[in-house]
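Those protein sequence lines, which keep their order, are chains A and B.
If you count the first sequence from 1, position 194 lands on 180 in our numbering, and the numbers rise without skipping.
If you count the second sequence from 1, position 58 lands on 96 in our numbering, and the numbers rise without skipping.
C-beta atoms are modelled at their ideal positions from N, C-alpha and C, and glycine is treated no differently.
Predicted model, so just to flag it, every value in this text is computed and none were measured.
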Amino acid sequence: MRPAQANAPRVRVMRGRPRTLPSYVLLGLALMLLLFPIYWMLLTATLHDDRLLTYPPVFFPAPSSVFLRPFVRIFANRPVLYWLLNSVYVSGLTTVISLSISALGGYSLSRIKTPESRVMGAMLLLVRMLPGTLLIAPLYIVFHRLHLIDNLVTLVIANTSYIIPFGVWMMKGFFDGIPKEIEESAQVDGCTIFGAFARVTLPLSRPGLVATAMYCFVLSWGEFLFARTLINSANKGTITAGVTTYIGDMNISWNDMMAASLLACLPVLLIFFFLEKHLVRGLVSGSVK
Amino acid sequence: MMRPRLSLGQRRRLFCTLILVPETLFVFLIILYPLYLTLKLSFFKIDLYDIAKPLTSSPTLHNYAEMFADHAFWHSLKVSALYTLFATPLTFLVGFGLALLLHQPLRARRAFRVLLAMPWAIPTAVGSMVFMVMFDSSFGVTNYLLTRLHLVSGNIDWLGSPTTALATIVVTTIWKNCPFFMLMLLAGLQAIPVEFYEAARVDGAGRVRQFVSITLPALRSIITISLMLNALWVFREFDTIYVMTGGGPARMTESLAVSIYQEAFRFFRVGRASALGIVTFFVCLGIVLACQKPLRKEFY
């Protein structure tokens, strides 16, 4: 972008103003539309019980009418605290395991080009295209045989299996950007091969590791099908699967439902805010380079 | 006995092969074995209760025969296809538009990008619940706004009527997936050398001409790959549909993915579910093969 401004200043001065104003208007409009559901979730979550079924809806409630009881109530009515802790546990562990395997696999795919590694890479791409719903029945059977149904470890394994194909290619993209010569010179200087990988290459690929970790975490946190199918007990669910239990419950009011939904989004949104920059680079290097 | 000492290159290669092992194990045990299991089970009539027992009957093509004769299967295939054909191109257009808007010298570009990409991070199931609330037939904000704008005359039962249920799901999908296209295409746009545009301007090419002759060809492989990835996701999308309608009303939104789930976990017919899964797999494979050329170019 910047060179365009530097090289063609006249064009920008002449046409810049009138052209960017509509852009801001359009972007503002897009922002309103895309963020409206999030705003609405917040509004509904803080709606007073008495005003749940009133029409027309209030778009800008007075600060005094903000009602916070749903946020307290949901912890008493449902095992929301368990769900949150389970989600942190499952997503955290999934991230650590997926990241380790992805970093190793991605490095390998980036550095050697043997027929086997190519087959492996192609296999991962293929796996990435498999429908999750296709795997769910056989995964259920496998875990049933292992007596692992209703066990959070199952979720970690299942999530890892579907995240790894993305993670490996993402990490490969980052490693491709680090010249081989750097680690080779470290090896000449007496570093072991693993030492060169651990002390030279890994630190250099920190942005990639951060991006991949975040990607793993967000994907794992939002995973619904496995969490819904492989876990039976109410206390063992994740927050994403847990909040959907509000659907169809006639006694549940919308403010409770949206309060729980908001709690389900908050951690990932926070992570996303701080690490978005890395993700953009990761998406690009992982899937499109 | 002394072991023959390997050269540095050989050791490097050995190391790289060794560290591929965990990933290979995972792929084989957790993905390829279940895939094999699906294929096997699709030839048997088996209940979810009986999965622990050994298979006694001989394999038949019964599940497939039944499936192809079943009107519900063709209906599900149609729903999945319709859903993909509407959601993917529309999401692409929205995402492309956003990417083009962001690819300008604007103030607070980064803030715009972060905020616009937020739906990406929200769990699909949770986002779908928010849309359920917004599209509620009696108290939903969508009906209120549309009535106030005089676009509709009465309240619409968005998720309860066969004609609008899939459309509502498509809208939710666009909201959730457009950041993906936006980020991918934005990155692609930023990789196009500015000199191309300068040369075109010197030659007197207008904005439209520049877009058609430079931007589109330069983005071709990113466009194909992102369309393909998105089409694959949408074709097998489960969360949105399951949460919003569960396949209803009257199975109008029962896509293949939902159908597989219902067969396996509601009717416990694992064999039939597996056969459906195999068909889904082949459709997905078809989509991938159709896009093979740009894929190869990008990944190898």
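Point to revise | Arg145(B), DSSP secondary structure in three states | key: coil
Point to revise | Chain-ordered neighbours of Ser51(A) on chain B, where CB pairs are closer than 8 Å | key: The premise fails here: Ser51(A) is roughly 17 Å from chain B at the closest Cβ pair, so nothing lies under 8 Å.
Practice item. Would you mind working out which of Ile57(B), Leu44(B) and Arg43(B) sits nearest Phe183(A), comparing C-alpha positions? Key: Ile57(B)
Check your understanding: Under a three-way DSSP split, which group does Asp162(A) fall into?
Key -> Secondary structure of Asp162(A) (DSSP, three-state): helix.
Exercise for review: Using a Cβ cut-off of 7 Å, pull out every chain B residue sitting near Ser147(A), in sequence order please.
Suggested key: Phe64, Ile68 and Ile69
Review point. Rounded to whole angstroms, how far is the Cβ of Arg274(B) from the Cβ of Cys329(B), which I believe are closer than 8 Å?
Key: Rounded, the Cβ-Cβ distance is 16 Å, inconsistent with contact.
Review point. Roughly how many angstroms lie between the CA atoms of Arg104(A) and Phe45(A), to the nearest whole one?
Key: 55 Å
Check your understanding: If you draw a straight line from the alpha carbon of Ile325(B) to that of Leu270(B), how long is it in whole angstroms?
Key -> 7 Å
Check your understanding: Should the segment 169 to 187 of chain B be called in touch with the segment 297 to 312 of chain B, which here means at least 3 C-beta pairs below 8 Å?
Key -> no
Check your understanding: Does DSSP classify Met(-13)(A) as helix, strand or coil?
Key -> Confidence at Met(-13)(A) is low in this model, with a pLDDT of 40, below 50, so its placement is unreliable and the value that follows should be read with caution. Per DSSP, reduced to three states, the secondary structure at Met(-13)(A) is coil, with no helix or strand assignment.
Check your understanding: Can Leu254(B) be considered in contact with the ligand ADP, in the sense that its beta carbon sits closer than 7 Å to one or more heavy atoms?
Key -> Among the components modelled here there is no ligand, and therefore nothing to report on the ligand ADP.
Review point. Going by the beta-carbon positions, is the gap between Ile84(B) and Leu93(B) smaller than 8 Å?
Key: yes
Review point. In this structure, what does DSSP give as the bridge partners for Asp241(B)?
Key: In DSSP, Asp241(B) forms no bridge with anything.
Practice item. Kindly indicate if chain A contains any beta-carbon less than 8 Å away from that of Met105(B). Key: no
Check your understanding: In three-state DSSP terms, what is Val321(B)?
Key -> Val321(B) falls in the helix class under three-state DSSP.
Exercise for review: For Arg310(B), name the three-state secondary structure that DSSP assigns.
Suggested key: helix
Check your understanding: So which residues of chain A does Ser312(B) contact, with C-beta pairs closer than 8 Å?
Key -> Ala123 and Pro124
Check your understanding: How many angstroms separate the CA atom of Ala103(B) from the CA atom of Leu144(B)?
Key -> 59 Å
**Study point:** Contacts that Ala250(A) makes with chain B (C-beta to C-beta distance below 8 Å)
**Key:** Pro161 and Val164
Check your understanding: Counting only beta-carbon atoms, is Asp277(B) nearer than 8 Å to chain A?
Key -> Taking Cβ atoms only, chain A reaches closer than 8 Å to Asp277(B), which makes this a yes.
Check your understanding: In angstroms, rounded to a whole number, what distance separates the CA positions of Tyr75(A) and Met200(A)?
Key -> 15 Å
Review point. Do you know how far the Cα of Val209(B) is from the Cα of Glu167(A)?
Key: Computed Cα separation, rounded: 49 Å.
Check your understanding: Mind listing which residues of the segment 142 to 158 of chain B have their C-beta closer than 8 Å to chain A's C-betas, in chain order?
Key -> Gln142, Pro143, Leu144, Arg148, Phe150, Arg151, Val152, Leu153, Leu154, Ala155, Met156, Pro157 and Trp158
Exercise for review: Could you round the C-beta distance between Phe129(A) and Ile135(A) to whole angstroms and report it? I think they count as a contact, below 8 Å.
Suggested key: 5 Å
Exercise for review: Taking 8 Å as the cut-off, decide whether the C-beta atoms of Gly226(B) and Leu254(B) are in contact.
Suggested key: no
Practice item. Give a yes or no on whether 8 Å exceeds the smallest Cβ distance from Ser77(A) to chain B. Key: Taking a beta-carbon distance threshold of 8 Å, Ser77(A) does not count as an interface residue toward chain B.
Exercise for review: Mind checking the segment 278 to 305 of chain B against chain A and listing, in chain order, the residues whose C-beta falls within less than 7 Å of any C-beta there?
Suggested key: Of all residues in the segment 278 to 305 of chain B, Val281, Ala295, Ile298, Tyr299, Ala302 and Phe303 have a Cβ within less than 7 Å of some Cβ in chain A.
Check your understanding: Going along chain A, which residues have a C-beta under 7 Å from Pro72(B)?
Key -> Leu121, Pro124, Leu125 and Val128
Check your understanding: Does DSSP put Asp242(A) in a helix, a strand or coil?
Key -> helix
Exercise for review: Please work out which residues of its chain come closer than 8 Å, Cβ to Cβ, to Arg239(B), disregarding the five sequence neighbours upstream and downstream, and give them in chain order.
Suggested key: Within the same chain, Arg239(B) has close Cβ partners Gln248.
Exercise for review: Kindly give me the distance between the Cβ atoms of Ile24(A) and Ala246(A), rounded to whole angstroms, as I take these residues to be in contact under 8 Å.
Suggested key: About 15 Å; that fails the 8 Å criterion.
Review point. When DSSP labels each residue in this structure, what does Met108(B) get in the three-state scheme?
Key: The sequence as given places Asp at residue 108(B); Met does not occur at that position. If DSSP states are grouped into helix, strand and coil, Asp108(B) belongs with coil.
**Study point:** Span separating the alpha-carbon of Val281(B) from that of Val254(A)
**Key:** 20 Å
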